[in-house]
Amino acid sequence: MELDLARWQFAITTVYHFLFVPVTIGLSAFVAGFHTAYLRSRNPAHLRLSKFLGKLFTINFALGLVTGIVQEFQFGMNWSDYSRFVGDIFGAPLAIEALLAFFLESTFLGLWIFGWGRIPEKLHVASIWIVHIGTLLSAYFILAANSFMQHPVGYRLNPQTGRAELTDFVAVLTNKVQLVTFPHTAFAAYLAGAALVLGVCMWHLHQRRVEDDLPMYRTGARIGAIVLLIAGAGVAISGDQQGKVMTEVQPVKMAAAEALYDTQKSAPFSIVTVSSLDGQQEKVAITVPKLLSFLGTGDFNGTIHGINDLERAYQQKYESDPLTRAQTYTPTLPLTYWSFRLMIGIGMSSMLVAVLALWTLRRGSSAPARARWWPWAAVGVTLMPVLGNAFGWIFTETGRQPWLVFGLFTTKSGVSPGVSAAEVATSLIAFTALYAVLAVIEVRLTLRYARAGAEPLKKPDESTADSDDDRLQFAY
72 MELDLARWQF AITTVYHFLF VPVTIGLSAF VAGFHTAYLR SRNPAHLRLS KFLGKLFTIN
132 FALGLVTGIV QEFQFGMNWS DYSRFVGDIF GAPLAIEALL AFFLESTFLG LWIFGWGRIP
192 EKLHVASIWI VHIGTLLSAY FILAANSFMQ HPVGYRLNPQ TGRAELTDFV AVLTNKVQLV
252 TFPHTAFAAY LAGAALVLGV CMWHLHQRRV EDDLPMYRTG ARIGAIVLLI AGAGVAISGD
312 QQGKVMTEVQ PVKMAAAEAL YDTQKSAPFS IVTVSSLDGQ QEKVAITVPK LLSFLGTGDF
372 NGTIHGINDL ERAYQQKYES DPLTRAQTYT PTLPLTYWSF RLMIGIGMSS MLVAVLALWT
432 LRRGSSAPAR ARWWPWAAVG VTLMPVLGNA FGWIFTETGR QPWLVFGLFT TKSGVSPGVS
492 AAEVATSLIA FTALYAVLAV IEVRLTLRYA RAGAEPLKKP DESTADSDDD RLQFAY
């Protein structure tokens, strides 16, 4: 019971936190990009878009900060045995992320918010670029820690203490899983940021509240759609590479993603499969011949190992050690199967909306934006990449089960022995209630300032009269 509750709590807080991460990474790039464009072109529309998107970025950054802090506390609260086993390795990238990347983001974000008219323009633009670089560095170090859980490298097991000890930090930072996971995550973040820009601008084009602002929102929508398509291509290419590395280091995850029970050569990829309740008898399937072999090995005639063979091999290899012994070494198939497909399908759907938006806005026309489907597409494209990122994270983590550190340490071995089920349940209820409140705040703030749109530029005499409170009044 304690294990199940601890896993539910970590899953809820992790997925909730990760809703903000890709948006903040992607949106910071747009804020910096439009600010730079204004510095080069002196086009007021670029400055207005930078300030407008900067508000949405700051809201999401604040919520991501609050929810992210809870993540690290859980390692000591509910997963103390895991922290004791791998803390020497896992703690290093987390510490660097907090001391370097996070403080880099926070310091220069404050400089950007309060620096309007107070510091040189080039330094001001550089500050928001540093914020964006900080978000990428933060993601890199967090993913380095997670990649060790997927494919442990750069360590040795101390037989006297029973702990994994760091021997090569560079190996941890250059883990083969890390080198394909980071670009995939970065492109997915740009996809989410671009979708938000596209969706908000599409909505304002549909509303047509201020006719003079339509060219500005048309520019924002076009750039958002173009970046979305480029990022989507990057997600697909990096995802292909990630699939091949995953098949190499975690073949059971690939088998679970396809619900492939028997080892096959030239294995097909199933788009949709209906099977018996135990998943072992296929009833209806829509498949693409040989595609799974190519995704996993780069060869259409490659061999993909099935769940049955892998389960037998893992039982024989790991059952003798209490830290690696598990009842089954196969992850939950419905969850891995469908999260994998939802991740791909939702991402591709957002790219389709981007294509439709570019087609609609061709040659400077915004008349088709009055169509009834336009606002629904605006809302849908905003949410799609966020959900796609969430399903991708769910697939990555649940597909690793029953391991906390693949091949070294099972999930049941990592839970805190001195924490009761009642204590975990209490904190689970408290966190869920708190996050529900934060969700309401986040949605209301985002909708409020997204609907308000870009503010008109103030005259020089008006802008110099601003107080510090005026600069941050949107956050109250």
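If you're matching positions, the sequence shown starts at 72 in the working numbering and goes up one per residue. Glycine included, C-beta positions come from ideal geometry on N, C-alpha and C. Just so it is clear, the structure is predicted and the values come from calculations on it, not from any experiment.
Every beta strand (DSSP E) of 3 residues or more that sits fully in the segment 430-491 is shown, in chain order, as 474-476. Rounded to whole angstroms, the gap between the alpha carbons of residue 161 and residue 143 is 11 Å. The C-beta distance from residue 87 to residue 129 rounds to 19 Å, too long to fall under 8 Å, and the pair is not in contact.
Counting only residues of its own chain and dropping the five nearest sequence neighbours on each side, residue 93 has a CB closer than 8 Å to the CB of 256, 259, 260, 262, 263, 264, 456, 457 and 460.
Taking a C-beta distance under 8 Å as the contact criterion, residue 316 and residue 378 do not qualify as a contact pair.
In the three-state reduction of the DSSP assignment, residue 312 falls in the helix class, which pools H, G and I.
Where residue 235 is concerned, the enclosing beta strand (DSSP E) starts and stops at 234-237. Three or more Cβ pairs closer than 8 Å define a contact, and the segment 284-294 falls short of that threshold against the segment 320-335. Residue 194 counts as exposed, since fewer than 16 other C-beta atoms from the protein chains shown sit within 10 angstroms of its C-beta. With distances taken between CA atoms, residue 479 lies nearest to 385 out of 498, 513, 385 and 421. Within the same chain, Cβ atoms closer than 7 Å to the Cβ of residue 302 are found at 258, 261, 262 and 265, the five residues on either side in sequence being excluded. If you draw a straight line from the Cα of residue 244 to the Cα of residue 174, it comes to about 20 Å.
Annotation: the continuous alpha helix (DSSP H) that includes residue 87 extends over 73-89. Sixteen is the threshold: since fewer than 16 other Cβ atoms of the shown chains lie within 10 Å of the Cβ of residue 308, the residue is exposed.
Under the three-state reduction of DSSP output, residue 403 falls in the coil class, being neither helix nor strand.
Residue state for residue 374 is assigned as strand, using DSSP reduced to three classes. Here residue 514 carries a helix assignment [DSSP, helix/strand/coil]. Residue burial is scored here from C-beta neighbours: residue 90 has at least 16 other C-beta atoms within 10 angstroms and is therefore classed as buried. Look at the segment 157-204 and you find these whole runs of alpha helix (DSSP H), each 4 residues long or longer: 174-185. Here the segment 212-226 does not lie against the segment 175-190, with fewer than 3 beta-carbon pairs under 8 Å apart. In the same chain as residue 318, and ignoring 5 residues on each side of it, the C-beta atoms closer than 6 Å to its own belong to 325 and 367, in chain order. Residue 475 is positioned such that its CB atom lies no closer than 8 Å to that of residue 463. By the CB criterion at 8 Å, residue 235 and residue 152 fall outside the cutoff. For residue 228, the enclosing beta strand (DSSP E) begins and ends at 226-229. A Cβ-Cβ distance of about 28 Å is found for the pair residue 202 and residue 221, leaving them out of contact under the 8 Å criterion.
Under the three-state reduction of DSSP, residue 249 is assigned to helix. The alpha carbon of residue 334 has as its nearest neighbour, out of 107, 372, 192 and 304, the alpha carbon of 372.
The DSSP-derived three-state label of residue 341 is strand. A direct Cα-Cα distance of roughly 23 Å separates residue 421 from residue 121. For the set 163, 432, 403 and 126, the Cα lying nearest the Cα of residue 241 is the one of 163. Cα atoms of residue 492 and residue 506: separation of roughly 21 Å, rounded to the nearest angstrom. Distance check between residue 150 and each of 512, 81 and 396 places 81 closest, using alpha-carbon atoms only.
Annotated three-state conformation of residue 529 is coil, per DSSP. Here DSSP, grouped into helix, strand and coil, assigns residue 278 to helix.
About 21 Å separates the beta carbon of residue 410 from that of residue 365, a gap too long to meet the 8 Å contact definition.
Residue 191 counts as exposed, since fewer than 16 other beta carbons sit within 10 angstroms of its beta carbon.
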